[in-house]
Amino acid sequence: MPDPTLPRPTDAELEILTVLWRRGPSTVREVFESFGDTKTTGYTTVLKLMQIMADKGLVVRDESERAHRYEAAHAEEDMQRRLVGDLLQKAFDGSAKKLVLQALSTERASAEELSEIRRMLDELDGGER
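Numbering (our numbering), first residue to last: 3 to 131.
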């Protein structure tokens with residue numbers, strides 16, 4: 003069950019969190035530059051978003067240096083669990099079966115991913131087939 007107290011990020015905030023999960027603690031400049039030419043968002047917009055994220059508890063700000071460093075306040079897996087839990091309830095009426103079937107029919111899973119899914123199902127089923 004996802005943690006209901008975990009803040010829900012917007013799409014833009016989730017993009018910033020993804021950068022922080024990949025890079026680790028980073029300055030606003032480092033996050034901004036990681037977007038490269040793929041984003042049209044300006045530096046001041048990224049700064050403002052990260053300040054809002056700190057207020058919401060999505061990131062932690064280290065103010066000990068001149069250039070403040072930000073890091074994700076929650077593990078990527080915890081946030082994914084929260085977002086999937088929300089999606090499961092809102093779009094699939096709580097049905098994990100519907101969610102999984104839709105996910106697998108929408109995006110082709112690799113042989114490796116299917117093998118991992120089978121392994122996980124076996125574990126959930128107590129190893130019985």
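Just so it is clear, CB atoms sit at the ideal spot from N, CA and C, and this is done for glycine as well.
How many Å lie between residue i and residue j at the Cα?
| i | j | result |
| --- | --- | --- |
| Glu78 | Val33 | 17 angstroms |
| Met122 | Gln82 | 17 angstroms |
| Arg131 | Ser112 | Reliability of the predicted coordinates at Arg131 is poor, the pLDDT of 47 falling under 50, and no value is obtained from them. |
| Leu85 | Gly59 | 16 angstroms |
| Tyr72 | Arg31 | 11 angstroms |
| Gly26 | Leu90 | 29 angstroms |
| Arg120 | Asp80 | 23 angstroms |
| Lys92 | Arg68 | 43 angstroms |
| Ala74 | Arg24 | 10 angstroms |
| Leu106 | Asp127 | 20 angstroms |
Just confirm the distance between the C-beta atoms of residue i and residue j, as a whole number of angstroms; I'd bet it's less than 8 angstroms.
| i | j | result |
| --- | --- | --- |
| Ser28 | Leu22 | 6 angstroms |
| Leu8 | His76 | 6 angstroms |
| Asp124 | Arg10 | Wrong, their Cβ atoms sit about 32 angstroms apart, outside the cutoff. |
Per DSSP, residue i forms a beta bridge with which residues?
| i | result |
| --- | --- |
| Thr62 | According to the sequence displayed, residue 62 carries Val and not Thr. Bridge partners of Val62: Glu73. |
### Query
Does the count of Cβ pairs from the segment 40-52 and the segment 5-21 closer than 8 angstroms reach three?
yes
### Query
Is the segment 50-60 touching the segment 94-105, taking contact as three or more C-beta pairs under 8 angstroms?
In short, these stretches do not touch, since the Cβ pair count stays below three.
### Message
Restricting to runs no shorter than 4 residues, where is the alpha helix (DSSP H) found entirely within the segment 26-62?
### Response
30-36, 45-58
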